[in-house]
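Undergrad: Those letters in the sequence shown? Residues 1 to 100, per the numbering used here, in order.
All residues carry an ideal CB built from backbone N, CA and C; glycine is no exception.
Pasting in a structure now, in structure tokens, and then I'll have a few things to ask.
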Amino acid sequence: MEKECHKCHQFKDILEFNKMARSKDGLKTVCKKCDRCYNEERYALKKEKIISKVREWQNNNPEKVKLIKENYIKHHKNKVEILVKEIEKEKPTTSEHHID
Ligand SMILES: [Zn+2]
Numbered sequence: 001m002e003k004e005c006h007k008c009h010q011f012k013d014i015l016e017f018n019k020m021a022r023s024k025d026g027l028k029t030v031c032k033k034c035d036r037c038y039n040e041e042r043y044a045l046k047k048e049k050i051i052s053k054v055r056e057w058q059n060n061n062p063e064k065v066k067l068i069k070e071n072y073i074k075h076h077k078n079k080v081e082i083l084v085k086e087i088e089k090e091k092p093t094t095s096e097h098h099i100d
């Protein structure tokens with residue numbers, strides 16, 4: 001059985017449509033592919049909105065942003081220091097690499 005997608009207007013097998021209890025035939029009007037695109041578009045839009053909100057908040061709270069950044073650098077520095085210590089532990093001493 002085939003059904004027309006309301007978005008791409010292609011006839012596709014009903015298996016290509018997601019289920020929706022509220023609709024007449026129990027299936028969505030758009031195919032799975034278009035449904036996914038729609039969700040991705042919505043997600044991208046939502047992401048943009050969140051980013052702009054964050055930017056707005058950053059503009060309004062420069063001191064807080066500075067604090068967060070400083071904390072991040074501190075945290076990051078610690079991570080680097082730990083990593084350097086770990087690397088030094090792993091590193092064999094030069095005497096072990098002595099070649100006759
Ligand atoms: Zn479609």
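Identify the continuous beta strand (DSSP E) that holds N61 and give its terminal residues.
TA: What you label residue 61 is simply residue 61 of the sequence shown in a count that begins at 1. Taken as a continuous stretch (DSSP letters only), N61 belongs to no beta strand (DSSP E), as it is neither H nor E.
Undergrad: Contact between the segment 61-77 and the segment 32-39: three or more CB pairs below 8 angstroms?
TA: No, the segment 61-77 is not in contact with the segment 32-39.
Undergrad: Looking at C-alpha atoms only, which residue of I73, M1, Y43 is the closest neighbour of L15?
TA: In the sequence shown, residue 15 corresponds to position 15, counting from 1. The option with the nearest alpha carbon to L15 is M1.
Undergrad: Where do the ends of the beta strand (DSSP E) carrying D13 lie?
TA: One-based indexing of the sequence shown puts residue 13 at position 13. Its beta strand (DSSP E) spans residues 11-13.
Undergrad: May I ask whether a heavy atom of ligand 1 can be found less than 6 angstroms away from the beta carbon of K3?
TA: Along the sequence shown, read from residue 1 onward, the residue named residue 3 stands at position 3. Flag unset: Cβ of K3 not near ligand 1.
Undergrad: Leaving aside the five residues before and after E4 along the sequence, list all residues of the same chain whose C-beta is less than 6 angstroms from its C-beta, in chain order.
TA: The residue given as residue 4 occupies position 4 in the sequence shown. Only F11 meet the Cβ criterion.
Undergrad: Tell me whether C34 counts as near ligand 1, meaning its Cβ is closer than 6 angstroms to at least one heavy atom of that ligand.
TA: Sequence index remark: in the sequence shown, residue 34 carries index 34 (1-based). Because some heavy atom of ligand 1 lies under 6 angstroms away, the Cβ of C34 counts as near it: yes.
Undergrad: Using only CA atoms, which one of C8, K24, H9, T29 lies nearest to N18?
TA: In the sequence shown, the residue the question calls residue 18 occupies position 18. Residue T29 is the option with its Cα nearest to N18.
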